[in-house]
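As given, the protein sequences belong to chains A and B, one line each in that order. In terms of this note's numbering, the first sequence opens at residue 20 and continues consecutively. In terms of this note's numbering, the second sequence opens at residue 7 and continues consecutively. Structure record follows, encoded as structure tokens.
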Amino acid sequence: MLDSSPARSATLWLSTGWLMLIFAAPLLSAAELAASTWLYQFFEPICHQIVDRSFIFMGAALPVCARCLGLYAGFWTGLLVLPKAGFLTSRLERHPRLIIAFSIPLIIDLVTYNTHWTRLASGLLASLPFPFFVCKAFDPLICASRRVRKGVS
Amino acid sequence: MNQGTSRMIGPALIGGVFLGITSSLPIVNLVNCACCLWVVGGGVLAVYLYTRNYPSAMAPVTYTDGAILGLLTGIFGGLVWTAVDVPLALLWLQFDAADLAKLQEVLQDARIPPEVREFILSVVQSEGTGLGVILFNIGIHVLLGSIFATLGGILGVALFGNQARQQVPPAGPIEPPAVETQPNLPPRPGERPPEEPSG
Chain A
20 MLDSSPARSA
30 TLWLSTGWLM
40 LIFAAPLLSA
50 AELAASTWLY
60 QFFEPICHQI
70 VDRSFIFMGA
80 ALPVCARCLG
90 LYAGFWTGLL
100 VLPKAGFLTS
110 RLERHPRLII
120 AFSIPLIIDL
130 VTYNTHWTRL
140 ASGLLASLPF
150 PFFVCKAFDP
160 LICASRRVRK
170 GVS
Chain B
7 MNQGTSRMIG
17 PALIGGVFLG
27 ITSSLPIVNL
37 VNCACCLWVV
47 GGGVLAVYLY
57 TRNYPSAMAP
67 VTYTDGAILG
77 LLTGIFGGLV
87 WTAVDVPLAL
97 LWLQFDAADL
107 AKLQEVLQDA
117 RIPPEVREFI
127 LSVVQSEGTG
137 LGVILFNIGI
147 HVLLGSIFAT
157 LGGILGVALF
167 GNQARQQVPP
177 AGPIEPPAVE
187 TQPNLPPRPG
197 ERPPEEPSG
């Protein structure tokens with residue numbers, strides 16, 4: 020079903036752009052451009068930005084921690100993987116609360132010993148099924164807007 | 007605005023106020039560092055309130071409803087978030103050059119370690135130094151609130167919208183569905199013919 024989802028490609032572009040913003044901040048910082056400060060400030064309300072808990076890229080910490088990076092990367096990966104995982108999407112269709120099960124490793128990781136990589140992996144898994152619901156939410160809106168545009172032209 | 011959308015305003019306002027206040031209160035707002043929990047939670051709360059008194063006669067709550075509800079929550083919440091944040095930023099704006107000179111004088115005390123002195127000065131000189139920063143913060147709060155509360159709204163439908171089994175329209179054909187019309191067949195034996203409207 021996600022193969023033909025009109026929302027998927029739009030969300031994939033936005034998600035890719037979001038990840039590029041994350042990696043652009045240290046790049047701009049290395050180039051000593053002021054835009055880097057704005058990017059760090061942009062992500063500040065949604066992440067603690069503790070350097071010890073963030074991956075270092077090009078000599079500077081990413082503007083989000085390893086767990087947040089995992090969540091965003093997981094969403095992006097879900098957009099790529101879910102169309103090929105029919106068994107998973109059909110289960111999510113029937114049991115939407117299954118999404119909680121994907122967050123269990125993240126919760127365990129929060130309360131136990133963790134590293135950059137466990138934070139990244141648990142975050143990645145937690146947001147993996149999310150694109151399925153996002154596409155279901157936005158497909159009708161995109162189809163409706165296309166109908167309107169077609170009706171106008 | 008249809009009936010469903012107008013019913014969303016109340017829950018969206020409550021969710022938005024929850025989002026805005028929790029995200030701007032010092033210490034409490036640190037929870038946002040855990041996956042933007044207050045912002046996503048605002049969207050989930052709005053959907054929970056929306057579905058709690060949802061009339062069964064209406065069409066089931068869809069993920070699209072959740073997204074719209076979350077978006078409204080995020081916009082309201084972003085504004086509340088900024089409304090609480092701006093007074094704090096304005097306090098920083100009051101910190102003029104004379105105050106800064108006084109502070110620097112106090113910081114000259116030899117007992118204050120140089121790194122602490124540098125840190126205090128960097129904080130004072132970087133925070134809220136202009137209207138641009140406030141406007142930037144408004145934009146960020148509304149944008150981030152909208153994005154993450156929309157995701158929260160969708161999550162809320164997955165958690166609370168048991169009847170949310172929306173039919174996603176096929177991506178290919180976008181024409182409106184053809185209306186099937188029944189031909190006027192003669193009544194079967196023993197079947198009463200349809201009554202003609204009188205008058």
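Just so it is clear, CB atoms sit at the ideal spot from N, CA and C, and this is done for glycine as well.
Counting of Cβ neighbours within 10 angstroms places Trp136 (chain A) among the exposed residues, the total staying below 16. Within chain A, the residues placing a beta-carbon under 7 Å from that of Ala73 (chain B) are Ala156, Phe157, ordered along the chain. A direct Cα-to-Cα measurement between Ser29 (chain B) and Trp87 (chain B) gives close to 6 Å. Bounds of any alpha helix (DSSP H) do not take in Ala53 (chain A), whose DSSP letter is neither H nor E. Shown here, Ala80 (chain A) sits in a strand according to DSSP, grouped into three states. Contact of His67 (chain A) with chain B is assigned, a C-beta pair being separated by under 8 Å.
Between Trp44 (chain B) and Val37 (chain B) the beta-carbon gap is near 5 Å, inside 8 Å, which marks them as a contact. Residues of the region 87 to 111 of chain A with a Cβ closer than 8 Å to any Cβ of chain B, in chain order: Cys87, Leu90. In the structure shown, Ile75 (chain A) adopts extended strand secondary structure according to DSSP, grouped into three states. The shortest CA-to-CA distance from Ile146 (chain B) to any of A:Trp57, A:Leu46, A:Trp95 is the one to A:Trp57. A distance below 8 Å between beta-carbons, with the five flanking residues on each side excluded, links Val83 (chain A) to the following residues of its chain, in chain order: Ile41, Phe62, Ile65, Cys66, Gln68, Ser73, Tyr91.
By the Cβ-count criterion, Trp32 (chain A) is exposed, with fewer than 16 other Cβ atoms from all chains shown falling within 10 Å of its own Cβ. Distance between Met39 (chain A) and Arg113 (chain A), taken at the CA atoms: about 34 Å.
The beta carbon of Tyr54 (chain B) does not come within 8 Å of any beta carbon belonging to chain A, so the residue lies off that interface. Nothing from the region 35 to 52 of chain A brings a Cβ to less than 8 Å from some Cβ of chain B.
By the Cβ neighbour-count rule, Asn143 (chain B) is buried, with 16 or more other Cβ atoms within 10 Å of its own. Against chain B, the beta carbon of Val70 (chain A) has no neighbour under 9 Å; the closest one sits roughly 14 Å away. Counting other Cβ atoms within 10 Å of its Cβ, Tyr59 (chain A) reaches 16 or more and is therefore classed as buried.
Looking at the backbone, the Cα of Pro159 (chain A) and that of Ala18 (chain B) are separated by about 21 Å. The criterion of a C-beta distance shorter than 8 Å is satisfied by Phe121 (chain A) and Pro148 (chain A). With 16 or more neighbouring CB atoms inside 10 Å of its own CB, Met14 (chain B) falls in the buried class. In this structure, B:Cys42 is the residue among B:Ile74, B:Asn35, B:Cys42, B:Leu109 with its C-alpha nearest to the C-alpha of Leu150 (chain B). When the Cα atoms are used, Thr96 (chain A) and Cys87 (chain A) turn out to be separated by approximately 14 Å. Where Pro124 (chain A) is concerned, the enclosing alpha helix (DSSP H) starts and stops at 118 to 130. Separation of the CB atoms of Thr79 (chain B) and Gly22 (chain B) is rounded to 5 Å, and the pair is thereby assigned contact status at 8 Å. Residue burial annotation: Tyr69 (chain B) is buried, with at least 16 other C-beta atoms found within 10 angstroms of its C-beta. Our two residues, Ile126 (chain A) and Glu111 (chain B), have alpha carbons roughly 48 Å apart in a direct line. Annotated as proximal: Gly158 (chain B) and Val50 (chain B), with beta-carbon spacing under 8 Å. It is roughly 7 Å from the alpha-carbon of Thr108 (chain A) to the alpha-carbon of Phe151 (chain A). Taking 8 Å as the cut-off, the beta carbon of Gly83 (chain B) is found closer than this to the beta carbon of Leu25 (chain B).
Listed along the chain, the chain A residues whose CB falls inside 7 Å of the CB of Tyr69 (chain B) are Phe152, Lys155, Ala156. Under the 8 Å criterion on CB atoms, Ile146 (chain B) is classed as interfacial with respect to chain A. Sequence-distant partners of Ser28 (chain A) (beyond 5 residues in either direction) whose C-beta falls short of 6 Å from its own C-beta are missing from its chain.
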